[in-house]
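Take 56 as the starting number for the sequence shown in this note's numbering and just add one per residue. Glycine included, every Cβ here is placed at the ideal spot set by N, Cα and C. Single-structure report; data block below.
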Amino acid sequence: TAANASKRSKYPIFSSTRFGNVLGSNGSVIPIFKKQILAGGPLTLTDAGMSRFVMTLEDAARLVMESVFIARGGEVFVTKMPIVNIKDLAEAMLDIFVERGDVAPGIVETKIIGAKPGEKLYEELINEEEIRRTFEIENYFCVLPAFKSVYNNIEYVLGETKKTVDRIYRSDLEPSMSLQELKEYLMDNNLI
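So, in structure tokens, the structure goes:
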């Protein structure tokens with residue numbers, strides 16, 4: 056978004072989006088868990104307390120497309136996302152495969168393997184510094200640019216429903232989906 060500061064005309068404008076984990080995409084844990092479950096285990100977790108923001112591929116595309124229409128330059132758009140505890144995600148997937156008859160109950164064990172170097176137990180999509188310039192607008196948070204002098208002549212379109220934000224947006228501080236909600240989310244979005 057810093058590219059807005061060096062442009063000479065009003066177009067193009069640059070903004071960005073922040074994503075959680077796009078379930079079912081390349082690099083998603085879902086195909087890994089599925090393979091481990093169908094192979095009879097073990098189901099490997101780095102840490103039972105790990106939490107993540109999640110979204111579907113459709114949610115990710117929607118965030119990008121909708122931000123195109125409201126961006127004025129320099130903003131960061133963050134969609135409101137459900138949160139999963141990774142242990143619960145593994146358990147929900149295992150339950151679904153057992154209920155379908157794809158794997159016998161009690162066969163697949165869970166093994167804690169430890170976090171990889173640099174891997175966090177939680178995700179943070181809005182940090183302490185950004186709170187003072189973040190607004191909540193319907194399904195999104197909009198983080199305005201840090202350098203007001205560069206963007207002082209931009210009129211941001213935040214709508215009448217905008218609310219100020221008073222806390223960081225971190226996966227371990229927000230309520231996560233229950234096991235049942237998680238199973239429904241996986242099934243409703245054809246993720247398994």
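- Residue environment analysis places PHE108 among the buried positions, since at least 16 neighbouring C-beta atoms fall within 10 angstroms of its C-beta.
- Inter-residue distance for LEU144 and ALA115 is about 20 Å (C-alpha atoms, whole angstroms).
- For ASP102, the closest alpha carbon among the candidates LYS218, TYR66, GLY169 and TYR195 is that of GLY169.
- Under the three-state reduction of DSSP, TYR195 is assigned to strand.
- Excluding residues up to 5 positions away in sequence, LEU180 and ILE181 lie with their Cβ nearer than 6 Å to the Cβ of TYR224 in the same chain.
- It is roughly 15 Å from the alpha-carbon of VAL84 to the alpha-carbon of LYS175.
- Each of MET242, SER233, GLU239 and LEU246 was checked against the Cα of ASN140, and the nearest Cα belongs to SER233.
- Collapsing the DSSP output to three states places TYR224 in a strand.
- In this structure, ASN244 keeps its C-beta atom at 9 Å or more from the C-beta atom of THR72.
- Counting other Cβ atoms within 10 Å of its Cβ, ILE167 stays below 16 and is therefore classed as exposed.
- In the structure shown, the three-state DSSP call for SER233 is coil.
- For ASN76, the pairing in a beta bridge is given by DSSP as VAL109.
- Residue environment analysis places MET148 among the buried positions, since at least 16 neighbouring C-beta atoms fall within 10 angstroms of its C-beta.
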